[in-house]
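Note sheet for the following structure.
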Amino acid sequence: MDILIKQARLSDGEALQDVGIKDGKIVAISESITENSVTVIEAQGRVLIPGLVESHIHLDKALIADRKPNKSGTLQEAISVTAELKPTFTEADIYSRAKRALEMIISHGVTAVRTHAEFDPAQGFSGFKTIMKLKEEYRDLIDMQIVAFPQEGIFKAPGTEKMMYEAMEMGADVVGGIPYNDAPADKHIDLVFEIAKKYDKDIDLHQDFSDEATDISIEYLCKKTIAENYHGRVSVGHLTALHALEPERLNEIITLMAEAQISVMALPATDLHLGARNDLYNVRRAVTPIRKLRDAGVNVCLATNNIRNAFTPYGNGDLMQIAMLAIPVGHLGGADDLPTVLPMITDNPAKALGLQDYGLQVGDNADLVLLDTKVKADAIIDIPERNYVIKNGKITVEVKKEVTIFK
1 MDILIKQARL
11 SDGEALQDVG
21 IKDGKIVAIS
31 ESITENSVTV
41 IEAQGRVLIP
51 GLVESHIHLD
61 KALIADRKPN
71 KSGTLQEAIS
81 VTAELKPTFT
91 EADIYSRAKR
101 ALEMIISHGV
111 TAVRTHAEFD
121 PAQGFSGFKT
131 IMKLKEEYRD
141 LIDMQIVAFP
151 QEGIFKAPGT
161 EKMMYEAMEM
171 GADVVGGIPY
181 NDAPADKHID
191 LVFEIAKKYD
201 KDIDLHQDFS
211 DEATDISIEY
221 LCKKTIAENY
231 HGRVSVGHLT
241 ALHALEPERL
251 NEIITLMAEA
261 QISVMALPAT
271 DLHLGARNDL
281 YNVRRAVTPI
291 RKLRDAGVNV
301 CLATNNIRNA
311 FTPYGNGDLM
321 QIAMLAIPVG
331 HLGGADDLPT
341 VLPMITDNPA
351 KALGLQDYGL
361 QVGDNADLVL
371 LDTKVKADAI
381 IDIPERNYVI
391 KNGKITVEVK
401 KEVTIFK
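This is the structure:
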């Protein structure tokens, strides 16, 4: 074997397991494996999980908060500030910042990521091409899916429709969109489906990002998904407007989402920061209703969205911190709720991204993280160090931290 992980905790209340890895795959799981291995990792009862999956991030816009701050904290100013800064982005600048952000998430145990890469007639494909370059450079450390993302809209930014097709020809993995920032939204959605079907690609939309539930298009998206037989191939980020719907109406839409098998990437760090800025009292959380979506059978994921820019002026690329934030925000701290949070940054986004051979079974890819905690139920609330990150059967990150308390 290439790597043997000794005495790892895969589940609470069960015996510790040895996990054998060879040629990038998990080849054995047993209470005791004696076969010789090139590398032996002594887990000593620490928790082993599949690699974290970052399902919604913007690497090309990371780490620019210090250049021009969003002083009002609103979505509108975040968009305008970023639009003002984009003409100053050079390929070298985007490369440097995106690389730093990528290495942040890798160091925190992410082994697969879906990143939105934007383009428009004003800036061209400079950012998109740079992210494509990083995908190739870091292929041994992380699997990257790149979303062709028209941040400024498609029809309201003439020339973008042609660029959408060009981005797919250049190798984009997913067709992106932003119906709420274009008009009409249904026409925007129709075009996204047209492109996705032409290239047989999945869809990932920035959807209904608003404090209010007026003029939403999620219901149209669900019906379109069902009509086009695209069940399980559509994801949406933000979807904050759902929190403002009356219960009966909300239940109707969530039921339709479950039927369409639409995945939701909840983005609490961004949406808490930008949302409900005009509320004078009884300020709303302005985050998509995570628990209600989960309880209705919708595939719910937790993701970062942005790191230190006008949309999210903080963050270090640690998905565990995002998940910890979601626990109080989404009322997920109960005994029955807490175990459902870890899958929101592992199994659920892996499903949304269509990752093959993902998990912790014999035959799965050896994309694993050894956490510095000995209770799986505490894997989020401990925000533990990622002692080892293994990608394709090779150790890519090793963290050893010693703490001394002086009395």
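Read in the UniProt record's numbering, the sequence shown has 81 at position 81, and its numbers run on one by one without any break.
Backbone N, C-alpha and C define an ideal beta-carbon position, used for all residues, glycine too.
Just so we're clear, the structure is a prediction, and the values are computed from it rather than from any experiment.
| Asked | Found |
| --- | --- |
| Residues near I105 in its chain [Cβ-Cβ closer than 6 Å; skip 5 each side] | E54 and G317 |
| Where the beta strand (DSSP E) through Q321 begins and ends | Counting along the chain, Q321 falls outside any beta strand (DSSP E), though it belongs to the alpha helix (DSSP H) covering L319 to V329. |
| Q151 burial status per 10 Å Cβ neighbour count (16 or more: buried) | buried |
| Which listed residue (T214, I26 and L325) has its alpha carbon closest to that of Q361 | I26 |
| Length of the line joining the Cα atoms of M265 and L75 | 18 Å |
| Span separating the alpha-carbon of residue 408 from that of A377 | Coverage of the chain is limited to positions 1 through 407, which leaves residue 408 absent and any answer about it impossible. |
| CB contact flag (L141, P179, <8 Å) | no |
| DSSP three-state assignment for N365, whether helix, strand or coil | strand |
| Touch test, the region 207-224 against the region 247-263, Cβ-Cβ under 8 Å, three pairs minimum | yes |
| Whole-angstrom distance between P247 and K401, CA atom to CA atom | 47 Å |
| Helix, strand or coil at V403 [DSSP, three-state] | coil |
| Per-residue DSSP class, three states only, for P50 | strand |
| Helix, strand or coil at L371 [DSSP, three-state] | strand |
| Per-residue DSSP class, three states only, for L355 | coil |
| Where the beta strand (DSSP E) containing T115 begins and where it ends | V110 to E118 |
| CB contact flag (R114, Q145, <8 Å) | yes |
| Residue(s) in a DSSP beta bridge with K391 | K394 |
| T82 - containing alpha helix (DSSP H), residue span | L75 to L85 |
| Enclosing beta strand (DSSP E) for E152 [first to last residue] | E152 -> no beta strand (DSSP E), and no H or E assigned at all. |
| Rounded separation between A98 and K407 - CA only | 43 Å |
| Helix, strand or coil at E42 [DSSP, three-state] | strand |
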